[in-house]
Amino acid sequence: MKPTTLIGPADRERIEAAVRAAEAGTSGEIVVQVVRQSHDFAVAPWRLAVLLAAIALLAAEWFAPGAPILALLGLQAGAVAIAHAVCLADSVRRLALREDELERAANRGGLEAFRAHVARQTTGRTGILIYVTLLEHRVVVLGDEAVDRALGPDETWEGVVACVLEGIRAGRAADGIVRAVERCGAMLSHPLPRAEQDADEIVRGLILTD
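Here is the structure:
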């Protein structure tokens, strides 16, 4: 699903408002990015094509033994075409991928997004990225240098991640993201309180990438 379809205009306003409210109590600056996928996974349709082609050949051998070679080649070509067509659906493409591939892609995509939109974008190194990748079903939260130093040794972003995932599973993605933003603000309000002259250095609080 496209992020712009999942999160409509009213939801975008709610998320942006949640970011502003959270940043009112901390010098941390929060960016939420929602992407359709972190990698193109071109291998997925070919994996499915191999499986469908094998099934097609077995079926031909069972139902039409001795079929001409051209018919078998046509059957395989049809299997490849079908595999590429059905893999246009994210849910089908995901079935052809391993969990470790999804995990690596999400982590790599989150790091690239962090470097592009958050890292060293603030004077005090107080940026935070909540990166949501829909195909991979993953959420990556990354903080800049001051954020990492501010969090206690036992504090993690697991609660923030859980808020987003629970919202998506319940069909209320925007609600989950809003709760995640609020949790970020609460976590950082004490160790990184908002300074009197604090300026908003990262203006875009929400980025949707189809």
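Residues in the sequence shown are numbered consecutively from 187, following the working numbering.
Built from N, CA and C at the ideal position, the CB exists for glycine as well.
Quick caveat, the model's predicted, so the values are computed rather than measured.
Identity of the residues DSSP links to residue i by a beta bridge
i	result
E215	G313
I354	BP columns for I354 are empty, so no partner.
V327	I316
L392	V218
Burial state of residue i (16 or more Cβ within 10 Å)
i	result
S277	exposed
G353	buried
D286	exposed
I300	A small correction: the amino acid at residue 300 is Phe; Ile does not occupy that position in the sequence shown. With 16 or more other Cβ atoms within 10 Å, it is buried.
G329	buried
G295	buried
R324	buried
F227	buried
T308	buried
R279	buried
W248	exposed
A366	buried
A250	exposed
A208	buried
L256	exposed
Presumed contact (8 Å Cβ cut-off) between residue i and residue j, rounded CB distance
i	j	result
E215	E322	Going by Cβ atoms, the distance from E215 to E322 rounds to 25 Å, so no, they are not a contact pair.
A282	A359	At roughly 24 Å, the Cβ-Cβ gap does not stay under 8 Å, so A282 and A359 are not in contact.
A203	E368	That belief does not hold up - the Cβ atoms of A203 and E368 are roughly 11 Å apart, past 8 Å.
A265	A235	6 Å
L337	P377	7 Å
Beta-carbon proximity check, residue i vs residue j, cutoff 8 Å
i	j	result
G315	I193	According to the sequence provided, residue 315 is Leu. The question's Gly does not apply to it. Not in contact: L315 and I193 (Cβ atoms no closer than 8 Å).
I268	L238	yes
R206	G391	yes
L261	A242	yes
G313	V217	yes
L374	V326	no
G362	V347	no
V364	I201	yes
H303	Q219	yes
S224	A292	yes
R222	P195	no
T212	R335	no
R355	E331	no
CB contact below 8 Å: residue i versus chain B
i	result
I268	In the structure shown, chain B does not exist; there is a single protein chain.
(request) Would you list, in sequence order, the uninterrupted beta strand (DSSP E) runs of no fewer than 3 residues that lie entirely inside the region 280 to 324? (result) 313 to 319
(request) Entirely within the region 190 to 271 and at least 3 residues each: give me those beta strand (DSSP E) ranges in chain order. (result) 215 to 221
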